[in-house]
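Counted the way my numbering counts, the sequence shown spans residues 28 to 562. Before any comments, here is the structure.
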Amino acid sequence: MFRVLIAFLLIALAAAGAVWFADNPGEVTIVWLGAETKLSIGIALAGVAVLAIIVAILWSVLRFVLRIPRLLATGSRARRQEKGFTALSKGLVAVGSGDLVGAERHAQDARKWIGGHSLSLLLDAQAAQLAGDRAAAQRAFQAMTKTHGARLLGWRGVFVEAQRAGDATAARHAAEEAVKIAPSAAWANEAVLVDCFARRDWQAARSALERAERLRVLDKATSKRHRAVLFAAEAEDAMAHDNARALELAREACRLAPDLVPAVALTARLLGERGDVKKAAKLIETAWKSAPHPDLADIYVHLRSGDSALDRLQRAQSLAKLTPGDVEGRYAVAMAALDAREIAIARSTLDGLVSDSPTGRVCLAMADLAELDAADQGATRYWLARAARAPRDKTWVADGMTSDKWLPASPSTGRLDAFVWISPPELISAPTVEEPAPVAPAAADVLEIAPAPVVQPAPAPEPAPAPEPSPAPAPVAEASPPPQPAAALAPAAASGPSVPPAKPTPVVFPVAHAPDDPGAERQGAEPRRWRVFNG
28 MFRVLIAFLL IALAAAGAVW FADNPGEVTI VWLGAETKLS IGIALAGVAV LAIIVAILWS
88 VLRFVLRIPR LLATGSRARR QEKGFTALSK GLVAVGSGDL VGAERHAQDA RKWIGGHSLS
148 LLLDAQAAQL AGDRAAAQRA FQAMTKTHGA RLLGWRGVFV EAQRAGDATA ARHAAEEAVK
208 IAPSAAWANE AVLVDCFARR DWQAARSALE RAERLRVLDK ATSKRHRAVL FAAEAEDAMA
268 HDNARALELA REACRLAPDL VPAVALTARL LGERGDVKKA AKLIETAWKS APHPDLADIY
328 VHLRSGDSAL DRLQRAQSLA KLTPGDVEGR YAVAMAALDA REIAIARSTL DGLVSDSPTG
388 RVCLAMADLA ELDAADQGAT RYWLARAARA PRDKTWVADG MTSDKWLPAS PSTGRLDAFV
448 WISPPELISA PTVEEPAPVA PAAADVLEIA PAPVVQPAPA PEPAPAPEPS PAPAPVAEAS
508 PPPQPAAALA PAAASGPSVP PAKPTPVVFP VAHAPDDPGA ERQGAEPRRW RVFNG
(Lines of atoms letter the chains of each structure in order from A and count residues from 1; the text may use other names and numbers.)
(Lines give C-alpha, C1' and ligand atoms only; values in the text may rest on other atoms or scores of the structure.)
Protein backbone atom coordinates (compact mmCIF):
# COMPACT_ATOMS: atom_id res chain seq x y z
CA MET A 1 0.00 0.00 0.00
CA PHE A 2 2.84 2.36 0.85
CA ARG A 3 4.52 1.71 -2.51
CA VAL A 4 1.26 2.48 -4.39
CA LEU A 5 0.99 5.82 -2.60
CA ILE A 6 4.57 6.67 -3.56
CA ALA A 7 3.86 5.81 -7.22
CA PHE A 8 0.77 8.03 -7.26
CA LEU A 9 2.76 10.81 -5.65
CA LEU A 10 5.46 10.64 -8.34
CA ILE A 11 2.83 10.65 -11.10
CA ALA A 12 1.21 13.68 -9.55
CA LEU A 13 4.52 15.52 -9.34
CA ALA A 14 5.27 14.72 -13.01
CA ALA A 15 1.85 15.98 -14.06
CA ALA A 16 2.26 19.12 -12.03
CA GLY A 17 5.66 19.77 -13.67
CA ALA A 18 4.25 19.27 -17.14
CA VAL A 19 1.41 21.68 -16.42
CA TRP A 20 3.83 24.24 -15.04
CA PHE A 21 6.03 24.03 -18.15
CA ALA A 22 2.91 24.37 -20.32
CA ASP A 23 1.80 27.48 -18.44
CA ASN A 24 5.31 28.97 -18.58
CA PRO A 25 6.68 28.33 -22.06
CA GLY A 26 10.27 29.28 -22.90
CA GLU A 27 13.03 28.82 -25.47
CA VAL A 28 16.58 27.54 -25.42
CA THR A 29 19.07 28.97 -27.95
CA ILE A 30 22.06 26.86 -28.99
CA VAL A 31 24.89 28.39 -31.04
CA TRP A 32 27.20 25.72 -32.48
CA LEU A 33 29.79 26.42 -35.22
CA GLY A 34 28.14 29.72 -36.23
CA ALA A 35 24.70 28.19 -36.48
CA GLU A 36 21.97 29.26 -34.10
CA THR A 37 19.24 26.84 -33.07
CA LYS A 38 16.21 27.68 -30.97
CA LEU A 39 14.38 24.92 -29.09
CA SER A 40 11.51 24.93 -26.66
CA ILE A 41 12.29 24.11 -23.08
CA GLY A 42 10.51 20.71 -23.30
CA ILE A 43 12.42 19.55 -26.35
CA ALA A 44 15.69 20.72 -24.78
CA LEU A 45 15.04 18.72 -21.64
CA ALA A 46 14.16 15.62 -23.66
CA GLY A 47 17.37 15.99 -25.66
CA VAL A 48 19.43 16.24 -22.48
CA ALA A 49 17.80 13.08 -21.14
CA VAL A 50 18.46 11.15 -24.36
CA LEU A 51 22.09 12.32 -24.36
CA ALA A 52 22.53 11.15 -20.76
CA ILE A 53 21.14 7.73 -21.63
CA ILE A 54 23.48 7.40 -24.62
CA VAL A 55 26.51 8.36 -22.47
CA ALA A 56 25.53 5.85 -19.80
CA ILE A 57 25.20 3.06 -22.37
CA LEU A 58 28.58 3.88 -23.89
CA TRP A 59 30.22 3.91 -20.45
CA SER A 60 28.68 0.55 -19.57
CA VAL A 61 29.93 -1.01 -22.79
CA LEU A 62 33.42 0.39 -22.27
CA ARG A 63 33.47 -0.81 -18.65
CA PHE A 64 32.36 -4.29 -19.68
CA VAL A 65 35.11 -4.48 -22.29
CA LEU A 66 37.69 -3.42 -19.75
CA ARG A 67 36.43 -6.07 -17.22
CA ILE A 68 36.43 -8.98 -19.66
CA PRO A 69 39.82 -10.43 -18.47
CA ARG A 70 38.80 -10.30 -14.83
CA LEU A 71 35.38 -11.77 -15.58
CA LEU A 72 37.01 -14.62 -17.46
CA ALA A 73 39.37 -15.30 -14.54
CA THR A 74 36.51 -15.14 -12.05
CA GLY A 75 34.41 -17.52 -14.13
CA SER A 76 37.29 -19.95 -14.45
CA ARG A 77 37.91 -19.81 -10.70
CA ALA A 78 34.22 -20.37 -10.00
CA ARG A 79 34.12 -23.40 -12.28
CA ARG A 80 37.23 -24.83 -10.64
CA GLN A 81 35.74 -24.29 -7.19
CA GLU A 82 32.50 -25.88 -8.26
CA LYS A 83 34.33 -28.93 -9.58
CA GLY A 84 36.53 -29.03 -6.49
CA PHE A 85 33.66 -28.82 -4.00
CA THR A 86 31.72 -31.41 -5.98
CA ALA A 87 34.72 -33.76 -5.77
CA LEU A 88 35.10 -32.87 -2.09
CA SER A 89 31.46 -33.72 -1.38
CA LYS A 90 31.71 -37.03 -3.20
CA GLY A 91 35.01 -37.80 -1.46
CA LEU A 92 33.58 -37.23 2.02
CA VAL A 93 30.65 -39.47 1.16
CA ALA A 94 33.09 -42.13 -0.06
CA VAL A 95 35.10 -41.89 3.16
CA GLY A 96 31.95 -42.20 5.22
CA SER A 97 30.84 -45.26 3.26
CA GLY A 98 34.29 -46.89 3.38
CA ASP A 99 34.97 -46.65 -0.37
CA LEU A 100 38.77 -46.33 -0.39
CA VAL A 101 39.18 -46.22 -4.18
CA GLY A 102 36.50 -43.57 -4.58
CA ALA A 103 37.85 -41.54 -1.67
CA GLU A 104 41.36 -41.47 -3.12
CA ARG A 105 40.10 -40.57 -6.61
CA HIS A 106 37.90 -37.73 -5.37
CA ALA A 107 40.67 -36.52 -3.04
CA GLN A 108 42.99 -36.31 -6.03
CA ASP A 109 40.35 -34.32 -7.98
CA ALA A 110 39.76 -31.98 -5.06
CA ARG A 111 43.52 -31.48 -4.72
CA LYS A 112 43.65 -30.63 -8.41
CA TRP A 113 40.85 -28.06 -8.38
CA ILE A 114 41.06 -26.56 -4.87
CA GLY A 115 44.46 -27.68 -3.67
CA GLY A 116 45.50 -26.09 -0.37
CA HIS A 117 41.92 -25.61 0.83
CA SER A 118 41.37 -26.75 4.39
CA LEU A 119 38.56 -29.12 3.40
CA SER A 120 40.72 -30.63 0.67
CA LEU A 121 43.44 -31.27 3.24
CA LEU A 122 40.84 -32.83 5.52
CA LEU A 123 39.73 -35.17 2.72
CA ASP A 124 43.37 -36.11 2.07
CA ALA A 125 43.85 -36.92 5.75
CA GLN A 126 40.67 -38.98 6.00
CA ALA A 127 41.45 -40.89 2.82
CA ALA A 128 44.94 -41.61 4.17
CA GLN A 129 43.46 -42.81 7.46
CA LEU A 130 41.05 -45.04 5.57
CA ALA A 131 43.99 -46.50 3.64
CA GLY A 132 46.04 -46.92 6.82
CA ASP A 133 48.75 -44.50 5.65
CA ARG A 134 49.59 -42.83 8.96
CA ALA A 135 52.45 -40.77 7.52
CA ALA A 136 50.26 -39.21 4.81
CA ALA A 137 47.53 -38.44 7.34
CA GLN A 138 50.08 -36.82 9.64
CA ARG A 139 51.38 -34.63 6.78
CA ALA A 140 47.87 -33.54 5.87
CA PHE A 141 47.04 -32.59 9.46
CA GLN A 142 50.35 -30.76 9.82
CA ALA A 143 49.48 -28.75 6.70
CA MET A 144 46.10 -27.91 8.23
CA THR A 145 47.81 -26.43 11.29
CA LYS A 146 49.26 -23.76 8.98
CA THR A 147 45.91 -22.99 7.32
CA HIS A 148 43.86 -20.15 8.75
CA GLY A 149 40.50 -21.36 10.02
CA ALA A 150 41.54 -25.00 10.28
CA ARG A 151 44.40 -24.87 12.78
CA LEU A 152 42.37 -26.32 15.63
CA LEU A 153 41.15 -29.18 13.46
CA GLY A 154 44.72 -29.78 12.29
CA TRP A 155 46.08 -30.00 15.84
CA ARG A 156 43.20 -32.32 16.72
CA GLY A 157 44.22 -34.64 13.89
CA VAL A 158 47.89 -34.45 14.88
CA PHE A 159 46.91 -35.32 18.45
CA VAL A 160 44.85 -38.35 17.37
CA GLU A 161 47.59 -39.66 15.09
CA ALA A 162 50.23 -39.18 17.79
CA GLN A 163 48.10 -41.13 20.23
CA ARG A 164 47.69 -43.95 17.74
CA ALA A 165 51.44 -44.02 17.18
CA GLY A 166 52.11 -43.99 20.93
CA ASP A 167 54.04 -40.72 20.76
CA ALA A 168 53.13 -39.08 24.07
CA THR A 169 55.40 -36.07 23.49
CA ALA A 170 53.80 -35.18 20.14
CA ALA A 171 50.31 -35.71 21.58
CA ARG A 172 51.07 -33.40 24.51
CA HIS A 173 52.48 -30.74 22.17
CA ALA A 174 49.38 -30.90 19.95
CA ALA A 175 47.04 -30.60 22.93
CA GLU A 176 48.95 -27.62 24.33
CA GLU A 177 48.89 -25.85 20.95
CA ALA A 178 45.16 -26.51 20.67
CA VAL A 179 44.60 -25.00 24.13
CA LYS A 180 46.45 -21.85 23.01
CA ILE A 181 44.22 -21.52 19.94
CA ALA A 182 40.93 -22.43 21.65
CA PRO A 183 41.18 -22.46 25.46
CA SER A 184 37.59 -23.70 25.71
CA ALA A 185 38.23 -26.86 23.63
CA ALA A 186 37.11 -29.65 25.95
CA TRP A 187 39.18 -32.40 24.34
CA ALA A 188 42.38 -30.33 24.51
CA ASN A 189 41.91 -29.47 28.19
CA GLU A 190 41.15 -33.08 29.04
CA ALA A 191 44.17 -34.29 27.06
CA VAL A 192 46.47 -31.89 28.89
CA LEU A 193 45.00 -32.94 32.22
CA VAL A 194 45.33 -36.66 31.42
CA ASP A 195 48.94 -36.15 30.34
CA CYS A 196 49.71 -34.38 33.62
CA PHE A 197 48.21 -37.33 35.50
CA ALA A 198 50.27 -39.77 33.47
CA ARG A 199 53.48 -37.86 34.21
CA ARG A 200 52.45 -37.42 37.89
CA ASP A 201 52.91 -33.66 37.45
CA TRP A 202 50.36 -32.59 40.04
CA GLN A 203 51.09 -28.86 39.84
CA ALA A 204 50.47 -28.81 36.08
CA ALA A 205 47.39 -30.96 36.54
CA ARG A 206 46.02 -28.54 39.11
CA SER A 207 46.62 -25.61 36.75
CA ALA A 208 44.91 -27.42 33.87
CA LEU A 209 41.94 -28.29 36.05
CA GLU A 210 41.63 -24.70 37.28
CA ARG A 211 41.71 -23.43 33.69
CA ALA A 212 38.97 -25.88 32.69
CA GLU A 213 36.86 -24.76 35.64
CA ARG A 214 37.40 -21.09 34.83
CA LEU A 215 36.36 -21.56 31.20
CA ARG A 216 33.41 -23.74 32.27
CA VAL A 217 34.60 -26.63 30.15
CA LEU A 218 33.52 -28.97 32.98
CA ASP A 219 30.31 -28.77 34.95
CA LYS A 220 30.54 -28.20 38.69
CA ALA A 221 29.91 -31.80 39.72
CA THR A 222 32.49 -33.23 37.30
CA SER A 223 35.03 -30.58 38.21
CA LYS A 224 34.59 -31.30 41.91
CA ARG A 225 34.97 -35.03 41.33
CA HIS A 226 38.11 -34.55 39.23
CA ARG A 227 39.67 -32.42 41.94
CA ALA A 228 38.96 -35.17 44.47
CA VAL A 229 40.59 -37.74 42.20
CA LEU A 230 43.58 -35.42 41.79
CA PHE A 231 44.02 -35.05 45.54
CA ALA A 232 43.63 -38.80 46.10
CA ALA A 233 46.25 -39.66 43.48
CA GLU A 234 48.63 -37.04 44.85
CA ALA A 235 48.10 -38.38 48.38
CA GLU A 236 49.08 -41.89 47.28
CA ASP A 237 52.35 -40.52 45.90
CA ALA A 238 52.98 -38.42 49.01
CA MET A 239 52.74 -41.51 51.27
CA ALA A 240 56.21 -42.58 50.17
CA HIS A 241 57.92 -39.61 51.83
CA ASP A 242 55.45 -37.48 53.82
CA ASN A 243 52.54 -39.07 55.66
CA ALA A 244 51.37 -35.73 57.06
CA ARG A 245 51.10 -34.25 53.55
CA ALA A 246 49.40 -37.43 52.34
CA LEU A 247 46.81 -37.20 55.13
CA GLU A 248 46.11 -33.55 54.32
CA LEU A 249 45.56 -34.31 50.65
CA ALA A 250 43.45 -37.40 51.38
CA ARG A 251 41.23 -35.40 53.73
CA GLU A 252 40.70 -32.79 51.03
CA ALA A 253 39.71 -35.55 48.62
CA CYS A 254 37.22 -36.93 51.15
CA ARG A 255 35.75 -33.46 51.63
CA LEU A 256 35.17 -33.07 47.90
CA ALA A 257 33.92 -36.64 47.33
CA PRO A 258 32.83 -38.46 50.51
CA ASP A 259 32.00 -41.59 48.48
CA LEU A 260 35.44 -41.88 46.84
CA VAL A 261 36.46 -45.20 48.39
CA PRO A 262 40.25 -44.97 47.76
CA ALA A 263 40.42 -41.55 49.40
CA VAL A 264 38.35 -42.69 52.40
CA ALA A 265 40.41 -45.86 52.81
CA LEU A 266 43.70 -43.95 52.63
CA THR A 267 42.52 -41.30 55.09
CA ALA A 268 41.23 -43.89 57.56
CA ARG A 269 44.46 -45.90 57.39
CA LEU A 270 46.60 -42.82 58.02
CA LEU A 271 44.34 -41.72 60.88
CA GLY A 272 44.56 -45.22 62.39
CA GLU A 273 48.35 -45.13 62.21
CA ARG A 274 48.28 -41.81 64.11
CA GLY A 275 45.97 -43.27 66.77
CA ASP A 276 42.83 -41.35 65.79
CA VAL A 277 40.72 -44.51 65.76
CA LYS A 278 37.40 -42.77 66.44
CA LYS A 279 37.81 -40.31 63.57
CA ALA A 280 38.85 -43.10 61.22
CA ALA A 281 35.91 -45.28 62.28
CA LYS A 282 33.42 -42.45 61.84
CA LEU A 283 34.82 -41.66 58.40
CA ILE A 284 34.49 -45.29 57.28
CA GLU A 285 31.01 -45.63 58.73
CA THR A 286 29.85 -42.56 56.81
CA ALA A 287 31.29 -43.82 53.53
CA TRP A 288 30.11 -47.38 54.14
CA LYS A 289 26.45 -46.38 54.11
CA SER A 290 26.69 -45.14 50.52
CA ALA A 291 29.54 -47.27 49.11
CA PRO A 292 30.25 -50.58 50.93
CA HIS A 293 33.66 -51.87 49.87
CA PRO A 294 35.91 -54.69 51.13
CA ASP A 295 38.86 -52.29 51.54
CA LEU A 296 36.82 -50.19 53.96
CA ALA A 297 35.76 -53.29 55.88
CA ASP A 298 39.33 -54.57 56.14
CA ILE A 299 40.64 -51.24 57.42
CA TYR A 300 37.72 -50.86 59.83
CA VAL A 301 38.20 -54.32 61.33
CA HIS A 302 41.96 -53.83 61.78
CA LEU A 303 41.94 -50.22 63.01
CA ARG A 304 43.23 -51.23 66.44
CA SER A 305 46.32 -53.38 66.11
CA GLY A 306 45.96 -54.89 69.59
CA ASP A 307 42.43 -56.26 69.10
CA SER A 308 41.80 -59.96 69.42
CA ALA A 309 40.06 -62.00 66.76
CA LEU A 310 36.79 -61.82 68.72
CA ASP A 311 37.09 -58.04 68.96
CA ARG A 312 37.56 -57.84 65.19
CA LEU A 313 34.49 -60.04 64.74
CA GLN A 314 32.43 -57.66 66.86
CA ARG A 315 33.65 -54.68 64.84
CA ALA A 316 32.72 -56.46 61.59
CA GLN A 317 29.27 -57.20 62.95
CA SER A 318 28.84 -53.55 63.95
CA LEU A 319 29.82 -52.40 60.47
CA ALA A 320 27.47 -54.90 58.82
CA LYS A 321 24.53 -53.55 60.83
CA LEU A 322 24.89 -50.20 59.06
CA THR A 323 23.81 -51.84 55.76
CA PRO A 324 21.61 -54.83 56.65
CA GLY A 325 21.58 -57.50 53.97
CA ASP A 326 24.50 -56.08 52.02
CA VAL A 327 26.89 -58.69 50.62
CA GLU A 328 30.06 -56.85 51.62
CA GLY A 329 28.98 -56.59 55.25
CA ARG A 330 28.04 -60.26 55.50
CA TYR A 331 31.28 -61.31 53.81
CA ALA A 332 33.30 -59.19 56.27
CA VAL A 333 31.50 -60.88 59.18
CA ALA A 334 32.15 -64.33 57.70
CA MET A 335 35.87 -63.69 57.25
CA ALA A 336 36.20 -62.27 60.75
CA ALA A 337 34.33 -65.30 62.12
CA LEU A 338 36.68 -67.67 60.31
CA ASP A 339 39.63 -65.77 61.72
CA ALA A 340 38.15 -66.09 65.20
CA ARG A 341 37.36 -69.82 64.66
CA GLU A 342 33.65 -69.14 65.25
CA ILE A 343 32.46 -71.86 62.90
CA ALA A 344 28.77 -71.53 63.73
CA ILE A 345 28.69 -67.80 62.95
CA ALA A 346 30.76 -68.27 59.80
CA ARG A 347 28.52 -71.09 58.57
CA SER A 348 25.26 -69.22 59.19
CA THR A 349 26.64 -66.12 57.43
CA LEU A 350 28.08 -67.99 54.45
CA ASP A 351 24.93 -70.07 54.01
CA GLY A 352 23.08 -66.85 53.22
CA LEU A 353 25.72 -65.88 50.66
CA VAL A 354 25.76 -69.32 49.06
CA SER A 355 22.00 -69.25 48.54
CA ASP A 356 22.41 -66.33 46.09
CA SER A 357 24.78 -67.29 43.19
CA PRO A 358 28.03 -67.43 45.18
CA THR A 359 31.07 -65.75 43.72
CA GLY A 360 34.64 -67.00 43.77
CA ARG A 361 35.62 -65.45 47.09
CA VAL A 362 32.50 -66.90 48.77
CA CYS A 363 33.41 -70.35 47.48
CA LEU A 364 36.96 -69.92 48.78
CA ALA A 365 35.55 -68.88 52.15
CA MET A 366 33.40 -72.03 52.15
CA ALA A 367 36.55 -74.03 51.40
CA ASP A 368 38.25 -72.46 54.41
CA LEU A 369 35.20 -73.28 56.53
CA ALA A 370 35.19 -76.89 55.30
CA GLU A 371 38.89 -77.18 56.13
CA LEU A 372 38.22 -76.00 59.67
CA ASP A 373 35.34 -78.46 59.96
CA ALA A 374 37.16 -81.80 60.18
CA ALA A 375 33.89 -83.73 59.83
CA ASP A 376 33.62 -82.88 56.12
CA GLN A 377 36.62 -84.26 54.25
CA GLY A 378 35.53 -83.82 50.63
CA ALA A 379 33.87 -80.39 50.84
CA THR A 380 37.13 -78.43 50.73
CA ARG A 381 38.05 -79.88 47.38
CA TYR A 382 34.51 -79.35 46.12
CA TRP A 383 34.42 -75.65 47.04
CA LEU A 384 37.90 -75.01 45.66
CA ALA A 385 36.83 -76.44 42.33
CA ARG A 386 33.54 -74.58 42.41
CA ALA A 387 35.41 -71.31 42.95
CA ALA A 388 37.08 -71.78 39.55
CA ARG A 389 33.69 -71.71 37.82
CA ALA A 390 31.86 -69.30 40.07
CA PRO A 391 30.75 -65.83 38.89
CA ARG A 392 33.47 -63.22 39.11
CA ASP A 393 33.69 -60.94 42.13
CA LYS A 394 33.41 -57.19 41.90
CA THR A 395 36.57 -55.36 40.93
CA TRP A 396 37.70 -52.04 39.50
CA VAL A 397 36.62 -51.89 35.85
CA ALA A 398 37.33 -49.15 33.27
CA ASP A 399 36.97 -49.27 29.48
CA GLY A 400 36.92 -53.08 29.40
CA MET A 401 39.96 -53.43 31.68
CA THR A 402 40.02 -54.74 35.25
CA SER A 403 42.41 -53.81 38.03
CA ASP A 404 42.84 -55.05 41.58
CA LYS A 405 43.88 -51.53 42.58
CA TRP A 406 42.08 -48.25 41.94
CA LEU A 407 43.76 -45.96 39.44
CA PRO A 408 42.96 -42.27 38.84
CA ALA A 409 42.73 -42.70 35.05
CA SER A 410 42.06 -45.47 32.57
CA PRO A 411 45.31 -47.01 31.24
CA SER A 412 43.77 -47.58 27.79
CA THR A 413 42.03 -44.25 27.10
CA GLY A 414 43.43 -41.95 29.80
CA ARG A 415 39.91 -40.99 30.89
CA LEU A 416 39.86 -39.58 34.44
CA ASP A 417 37.82 -41.23 37.17
CA ALA A 418 37.04 -44.09 34.81
CA PHE A 419 37.27 -47.00 37.27
CA VAL A 420 34.05 -48.16 38.91
CA TRP A 421 33.53 -50.96 41.40
CA ILE A 422 31.31 -53.44 39.55
CA SER A 423 31.19 -57.09 38.59
CA PRO A 424 33.08 -57.62 35.32
CA PRO A 425 31.04 -59.11 32.48
CA GLU A 426 31.13 -62.85 32.03
CA LEU A 427 32.64 -63.27 28.56
CA ILE A 428 32.03 -67.03 28.42
CA SER A 429 28.94 -68.44 30.06
CA ALA A 430 29.66 -71.53 32.15
CA PRO A 431 27.13 -74.32 32.73
CA THR A 432 25.40 -74.54 36.05
CA VAL A 433 27.35 -75.96 38.94
CA GLU A 434 25.10 -79.00 39.22
CA GLU A 435 25.93 -80.27 35.71
CA PRO A 436 28.59 -83.02 35.79
CA ALA A 437 31.39 -82.80 33.26
CA PRO A 438 33.62 -85.63 31.96
CA VAL A 439 36.98 -84.81 33.47
CA ALA A 440 40.03 -86.81 34.49
CA PRO A 441 40.20 -87.03 38.30
CA ALA A 442 42.47 -89.17 40.41
CA ALA A 443 42.39 -92.94 39.92
CA ALA A 444 40.88 -93.60 43.34
CA ASP A 445 37.78 -91.55 42.55
CA VAL A 446 36.85 -93.06 39.18
CA LEU A 447 34.75 -95.88 37.88
CA GLU A 448 35.87 -97.45 34.59
CA ILE A 449 33.07 -98.15 32.12
CA ALA A 450 33.56 -99.74 28.72
CA PRO A 451 31.73 -97.85 25.94
CA ALA A 452 29.23 -99.81 23.85
CA PRO A 453 28.29 -99.03 20.28
CA VAL A 454 24.56 -99.53 20.99
CA VAL A 455 22.77 -99.28 24.31
CA GLN A 456 20.36 -102.21 24.75
CA PRO A 457 17.53 -102.15 27.29
CA ALA A 458 18.70 -103.64 30.55
CA PRO A 459 16.97 -106.91 31.59
CA ALA A 460 15.32 -107.35 34.92
CA PRO A 461 17.86 -107.48 37.72
CA GLU A 462 18.74 -110.97 38.88
CA PRO A 463 21.00 -112.15 41.67
CA ALA A 464 24.41 -112.42 40.13
CA PRO A 465 27.02 -114.96 41.26
CA ALA A 466 30.19 -113.76 42.81
CA PRO A 467 32.45 -112.34 40.13
CA GLU A 468 35.64 -114.12 39.29
CA PRO A 469 38.83 -112.18 39.68
CA SER A 470 39.79 -110.54 36.41
CA PRO A 471 43.12 -109.21 35.23
CA ALA A 472 43.96 -105.83 36.64
CA PRO A 473 43.46 -102.94 34.22
CA ALA A 474 46.36 -101.08 32.77
CA PRO A 475 47.98 -98.82 35.36
CA VAL A 476 47.00 -95.19 35.26
CA ALA A 477 49.78 -92.64 35.52
CA GLU A 478 49.56 -90.69 38.72
CA ALA A 479 49.40 -87.00 37.89
CA SER A 480 47.81 -84.00 39.44
CA PRO A 481 44.58 -83.29 37.55
CA PRO A 482 43.99 -79.89 35.97
CA PRO A 483 41.57 -77.44 37.61
CA GLN A 484 38.24 -79.25 37.61
CA PRO A 485 34.76 -77.74 37.21
CA ALA A 486 32.78 -77.37 40.36
CA ALA A 487 30.11 -79.91 39.44
CA ALA A 488 32.65 -82.56 38.56
CA LEU A 489 34.33 -82.22 41.95
CA ALA A 490 31.28 -83.08 43.98
CA PRO A 491 32.01 -86.83 44.47
CA ALA A 492 30.36 -89.10 46.91
CA ALA A 493 33.47 -88.82 49.09
CA ALA A 494 31.79 -85.95 50.92
CA SER A 495 29.34 -88.42 52.41
CA GLY A 496 32.07 -90.82 53.57
CA PRO A 497 33.69 -93.86 52.01
CA SER A 498 31.12 -96.26 53.50
CA VAL A 499 28.36 -95.13 51.12
CA PRO A 500 28.50 -97.17 47.88
CA PRO A 501 28.46 -95.06 44.73
CA ALA A 502 25.42 -95.14 42.48
CA LYS A 503 25.84 -96.91 39.16
CA PRO A 504 26.20 -94.28 36.45
CA THR A 505 24.63 -94.44 33.01
CA PRO A 506 27.04 -95.89 30.41
CA VAL A 507 28.75 -93.27 28.31
CA VAL A 508 28.28 -93.92 24.57
CA PHE A 509 30.46 -92.38 21.88
CA PRO A 510 30.07 -93.11 18.16
CA VAL A 511 33.86 -93.02 17.80
CA ALA A 512 36.71 -94.68 19.62
CA HIS A 513 37.08 -91.73 21.95
CA ALA A 514 35.67 -88.26 22.46
CA PRO A 515 36.69 -85.78 19.71
CA ASP A 516 37.74 -83.17 22.24
CA ASP A 517 39.69 -85.61 24.45
CA PRO A 518 41.86 -87.99 22.42
CA GLY A 519 43.22 -89.67 25.54
CA ALA A 520 46.03 -92.20 25.60
CA GLU A 521 46.05 -95.33 23.46
CA ARG A 522 46.21 -98.53 25.46
CA GLN A 523 48.59 -101.29 24.45
CA GLY A 524 47.31 -104.72 23.50
CA ALA A 525 43.83 -105.93 22.64
CA GLU A 526 42.30 -104.78 25.92
CA PRO A 527 39.16 -102.70 25.23
CA ARG A 528 39.39 -98.97 25.90
CA ARG A 529 37.76 -97.71 29.02
CA TRP A 530 36.52 -94.31 30.18
CA ARG A 531 36.95 -92.75 33.56
CA VAL A 532 34.16 -90.57 34.85
CA PHE A 533 33.08 -89.26 38.19
CA ASN A 534 30.42 -90.95 40.19
CA GLY A 535 28.00 -88.16 40.33
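Here a beta-carbon is modelled for each residue, glycine too, at the ideal position from N, C-alpha and C.
Taking the Cβ atom as the reference point for each residue, do residue i and residue j lie within a distance shorter than 8 Å?
| i | j | result |
| --- | --- | --- |
| A347 | R339 | no |
| W448 | V288 | yes |
| R199 | D222 | yes |
| A363 | A343 | yes |
| A290 | A255 | yes |
| A235 | L220 | yes |
| F258 | L283 | yes |
| T64 | I57 | yes |
| R252 | D444 | yes |
| L148 | A167 | yes |
| L150 | L127 | no |
| I326 | G299 | yes |
| D286 | A314 | yes |
| T407 | A417 | no |
| N216 | R238 | yes |
| L37 | V55 | no |
| A202 | A218 | yes |
Just checking my contact of residue i with residue j at CB under 8 Å: how many whole Å lie between their CB atoms?
| i | j | result |
| --- | --- | --- |
| D426 | S439 | 5 Å |
| G184 | A152 | 6 Å |
| L365 | L391 | No, L365 and L391 are not in contact; Cβ-Cβ is about 11 Å, not under 8 Å. |
| L157 | A130 | 6 Å |
| F48 | I68 | 6 Å |
| E188 | A154 | Actually they do not touch by this definition, with Cβ atoms about 14 Å apart. |
| L276 | A308 | Contact doesn't hold; Cβ gap of about 21 Å is too wide. |
| L349 | E312 | 6 Å |
Judging by CA-CA distance, which residue of the options is the nearest neighbour of residue i?
| i | options | result |
| --- | --- | --- |
| D322 | V128, I81, A164, T422 | T422 |
| D246 | F224, V92, S211 | S211 |
| A23 | L179, A218, A248, D334 | This structure does not reach residue 23, given that the chain is present from 28 up to 562, and the question cannot be answered. |
| E109 | R97, G181, G142, G125 | G142 |
| E279 | E261, A267, D269 | E261 |
| W410 | D400, M428, D420, G387 | G387 |
| V328 | V360, L298, K306, T350 | V360 |
| H133 | A121, H144, G125 | A121 |
| H144 | A197, G123, D126, A114 | A114 |
| E263 | T101, L297, D286 | L297 |
| L337 | G181, R104, I370 | I370 |
| L310 | D383, A292, H320 | A292 |
| R419 | P385, V128, L380 | P385 |
| W214 | F186, A192, R191, R241 | F186 |
| Q169 | W182, A43, D160, E237 | W182 |
| A318 | E355, S335, G333 | E355 |
| S345 | A324, L380, Q135, R107 | A324 |
| D160 | F446, L89, R191 | R191 |
| D383 | A415, D353, A412, L99 | D353 |
| A45 | I33, M28, L72 | L72 |
| T429 | R442, G441, A414, S450 | S450 |
| G193 | F446, P452, G441 | G441 |
| A401 | R368, I33, T101 | R368 |
| S116 | V381, V424, S437, Q135 | Q135 |
What does DSSP give as the partner residue(s) for residue i in the beta ladder?
| i | result |
| --- | --- |
| M428 | A425 |
| L443 | A436 |
| W182 | Paired residues: none, contrary to the question. |
| I449 | T422 |
State yes or no: is the beta carbon of residue i nearer than 8 Å to at least one beta carbon in chain B?
| i | result |
| --- | --- |
| K251 | The chain labelled as chain B is not found in the depicted structure, where only one protein chain is given. |
Threshold first: 4 residues or longer. Then list the alpha helix (DSSP H) segments lying entirely within the stretch 231-271, N to C. 247-265
Continuous alpha helix (DSSP H) assignments of at least 4 residues falling wholly in the stretch 379-403: 387-399
Entirely within the stretch 51-112 and at least 3 residues each: give me those beta strand (DSSP E) ranges in chain order. 54-59, 62-67
Ranges of the alpha helix (DSSP H) found wholly within the stretch 278-356, counting only runs of at least 4: 288-301, 304-317, 321-328, 336-348
In the stretch 145-190, which residue ranges form an unbroken beta strand (DSSP E) of at least 3 residues, counting only runs that do not cross its ends? none
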